[in-house]
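What follows is a set of notes on a single structure, which appears directly below.
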C-alpha cells in the first residue's frame with residue numbers, strides 16, 4: 007500500500023489552472039530529476055520534501071520552456087518509501103513530452119544525475135507503490151516504461167532505467183514477511199564497489215564502519231572517497247590480511263560489516279559499535295561511538311530511526327533494521 011504524502015502535507019502551491027481529465031492510460035513512465043540530488047537525501051526526509059517543492063516551483067515558473075499549471079508528474083517517489091501526491095490519478099501529466107502525455111501517467115523518482123544516482127530499496131518500493139496506486143485509482147495499464155522510451159532524453163538515467171527495463175521488480179525481501187538475510191557475506195554482495203574519486207552515500211557507511219573498527223576518518227559525514235579515506239581503508243585492509251589496494255569491494259565490505267547479531271536493550275556486544283557508527287553516518291547522535299553497551303539512550307535513538315524509516319519502532323536491531331542502516 008502506498009504511503010501517500012498529501013499536497014497539503016508537503017506544502018504544494020495551488021495549481022494555477024484546471025487539469026485535463028484522462029479516464030485511463032496504457033501504463034506509467036518513470037522519470038528522474040535530471041539534475042543533482044544530494045546524497046544526504048537517504049538520511050534526511052526533509053530533503054525529499056524540499057526537492058518536491060523545488061520541482062513544482064521550477065515547473066510552474068517555466069523551467070521546462072513553458073509554464074505548467076502545476077508539477078508535471080502524477081506522483082513522486084522518495085528514498086524513504088513515501089509517495090508524494092502530484093497531479094494524481096485521472097489527470098493529464100505534462101512531463102512525458104509533446105504528444106506523449108495522454109498515453110502514460112508520470113512518476114518521478116527522487117534520483118539524480120549526480121549525488122544520489124542509484125535507486126535504493128526505498129525508491130524502488132515507492133515507485134512500485136505509486137504504479138499500483140495509479141492502476142487502482144487511475145486505471146493505469148500494465149506498461150512500465152522510462153521517459154526515454156519514445157522521447158529523446160537521458161531520463162531516467164542509467165541505473166534507474168536498467169531497473170525499469172528489467173520490469174521494475176520489487177527489491178528482494180521487500181514487502182515480504184520473510185526475514186531478509188543479514189550475513190556479512192550476503193550483504194557485502196549487495197553493496198557497491200567504492201574507490202578513490204567516488205561520490206556515493208555509501209561512502210558515509212564506510213566512514214562509520216571504519217570508525218567502529220578504530221580507524222577514525224577526519225570527516226564522518228562526507229560522501230567523497232578522498233585520498234585520506236583511501237589511506238584509512240588500506241590500513242584496515244592490511245590489518246585484516248586483505249589486499250591493501252584501498253578499494254572497498256565485497257571482501258572489504260564483509261570485514262567492515264562484521265557479525266550482525268540481533269541487538270536489544272542491555273546487550274553488551276562488539277556489534278553495538280557497528281550500530282553506533284552506522285547511526286552516526288545516517289545523521290543520528292548515538293552517544294559514545296566507542297561504547298559496546300546497548301543502553302537506554304541508544305535504544306531511544308534506534309526507535310527514532312526505525313520510526314523515520316517506516317520500520318516497527320521496537321528498539322530491537324534485527325535483519326530489517328541492519329539492512330536499512332546499510333541502505334539495502
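Residue numbers (my numbering): 7 to 334.
Even glycine gets a Cβ: it sits at the ideal position worked out from N, Cα and C.
Distance from the CA of residue 114 to the CA of residue 172, rounded to the nearest whole angstrom, comes to 18 Å. Cβ contact annotation for residue 274 (same chain, cutoff 8 Å, sequence separation greater than five): 298, 299, 300, in chain order.
Rounded to whole angstroms, the separation of the alpha carbons of residue 103 and residue 42 is 21 Å. A straight line joining the alpha-carbon of residue 123 with that of residue 38 spans about 9 Å. Counting along the chain, the unbroken alpha helix (DSSP H) around residue 261 starts and ends at 256-263. The beta-carbon distance between residue 326 and residue 317, rounded to whole angstroms, is 6 Å. This is short enough to meet the 8 Å contact definition. In the three-state reduction of the DSSP assignment, residue 168 falls in the helix class. Restricting attention to 159, 21, 17, 118, the CA atom closest to the CA of residue 90 is found in 17. Excluding sequence positions up to five before and after residue 215, its CB lies within less than 6 Å of the CB of 262, 283, all in the same chain and listed in chain order. Pairing residue 260 with residue 303 gives a Cβ-Cβ distance that is not under 8 Å. Contact between the region 82-100 and the region 9-27 is present: three or more C-beta pairs spanning the two stretches fall below 8 Å. Just measuring C-alpha positions, the residue of 293, 324, 30, 320 sitting nearest residue 110 is 30.
Between residue 195 and residue 53, the alpha-carbon positions lie close to 29 Å from each other.
Of the candidates 132, 255, 314, 55, 255 places its Cα closest to the Cα of residue 193.
Non-local beta-carbon contacts of residue 315 in its own chain, meaning distances under 7 Å to residues more than five positions away in sequence, involve 86, 330 in chain order. Rounded to the nearest angstrom, the gap between the Cα atoms of residue 204 and residue 324 is 30 Å. Relative to residue 232, the option among 128, 112, 252, 26 whose CA is nearest is 252.
With a cutoff of 8 Å on beta-carbon distance, residue 78 and residue 99 are scored as near each other.
When DSSP states are grouped into helix, strand and coil, residue 42 belongs to the strand group. Here the alpha carbons of residue 248 and residue 257 stand approximately 8 Å from one another.
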